[in-house]
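Plus 313 on top of the position in the sequence shown (first one is 1) and you've got the numbering used here.
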Amino acid sequence: MTDRVPRPTAPRRIERLATLPLFHKLDGRKVVLAGSSEGALWKAELLASAGCNLLILAGGSAELFAELAADPPSGTVEVLARNWQAADLDGATLAIADIDAVEEAKAFAAAARQLGVPVNLVDKPEFCDFAFGSLVNRSPLVVAISTDGAAPVFGQAIRAKIEALLPAGLKHWAQAAKDWRPAVQERGRLGGEHLLGDVDFLPLQGGEAGDLVQRQLG
């Protein structure tokens, strides 16, 4: 009998993830938000910035969202001065609520899941299908940070470090890279290092980054 030589175990490509990071395209899609707290307002501003058609069920505090509804950063915002109903969730892509009462929070989550809508309850992770985490916005470059329930101060500290590494002007580089991607692919130069390897991401403004990328392509 021949002894078998054990094969070396290949390293895992990725370690276990506590959560799966996903980035949702919400342009033109219905999102429902129930609640009337400052936390709900922050969620509303975040969701509106992503271009969704946001329906806010604000109870008796519709005035809290008046400024956002009058001038949303993107998409549309509709505010109704009443509590949520299960029918409000029909056709929604996401459902979010800031509800204090546990039984009502449980009912909201159940109503959303009955319709196949992913749900998030502020500060109630036991009812959540997804979490928002911390955000570094250099759109179209967006960095999301999740600590899977660790102390908020930890996530905030990580975000501060990443913000320091990514200057605000980097958004112009990200937009330039996005705009010129087809030209890069057409030339077969798919690796970013071939295009921007000798560029130090200078703090350029607006179209200046795009002009520099065009010169690199030329």
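Don't be surprised by glycine CBs; every beta carbon is placed ideally from N, CA and C. Only a predicted model underlies this, so the values are computations on that prediction, with no experimental measurement involved.
Quick one: give me the first and last residue of the beta strand (DSSP E) that Ser-447 is part of. Looking up residue 447 in the sequence shown gives position 134. Counting along the chain, the beta strand (DSSP E) containing Ser-447 begins and ends at 447 to 451.
Does the ligand SAM have even one heavy atom less than 7 Å from the beta-carbon of Leu-346? Ligands displayed in this structure: none; no statement on the ligand SAM is therefore possible.
Distance between Ala-414 and Glu-358 (C-alpha atoms, nearest Å): Here the question's residue 358 lines up with position 45 in the sequence shown. Here the question's residue 414 lines up with position 101 in the sequence shown. Each residue's Cα considered, the two are about 24 Å apart.
CA-CA distance, Asp-511 and Ile-327? Working through the sequence shown from its first residue, we reach residue 511 at position 198. Working through the sequence shown from its first residue, we reach residue 327 at position 14. Its pLDDT being 48, under 50, Asp-511 is placed unreliably by the model, and the measurement read from it follows with that caveat. As the crow flies, the alpha-carbon of Asp-511 is around 30 Å from that of Ile-327.
Beta carbon of Val-344 nearer than 8 Å to that of Leu-428: Locating residue 344 in the sequence shown gives position 31, where the first residue counts as 1. Locating residue 428 in the sequence shown gives position 115, where the first residue counts as 1. With respect to the 8 Å criterion, Val-344 and Leu-428 are not classified as neighbours on the basis of their beta carbons.
CA-to-CA distance, Gly-364 to Thr-389, given in whole angstroms: Along the sequence shown, read from residue 1 onward, the residue named residue 389 stands at position 76. Along the sequence shown, read from residue 1 onward, the residue named residue 364 stands at position 51. Approximately 7 Å between the Cα atoms of the pair.
With burial defined as no fewer than 16 other Cβ atoms inside 10 Å of the residue's Cβ, what is the status of Ser-447: buried or exposed? For the purposes of this step, residue 447 is taken as residue 134 along the sequence shown, with counting starting at 1. Classified as buried, Ser-447 has 16 or more neighbouring CB atoms from the shown chains inside 10 Å of its CB.
For Thr-389, write down the residues that DSSP places opposite it in a beta bridge. Residue numbering aside, residue 389 sits at position 76 when the sequence shown is read from its first letter. Thr-389 is bridged to Asn-366.
Taking Cβ to Cβ, would you say Ala-424 is nearer than 8 Å to Leu-434? Residue mapping note: residue 424 aligns to position 111 of the sequence shown, counting from 1. Residue mapping note: residue 434 aligns to position 121 of the sequence shown, counting from 1. Between Ala-424 and Leu-434, the CB-CB gap reaches or exceeds 8 Å.
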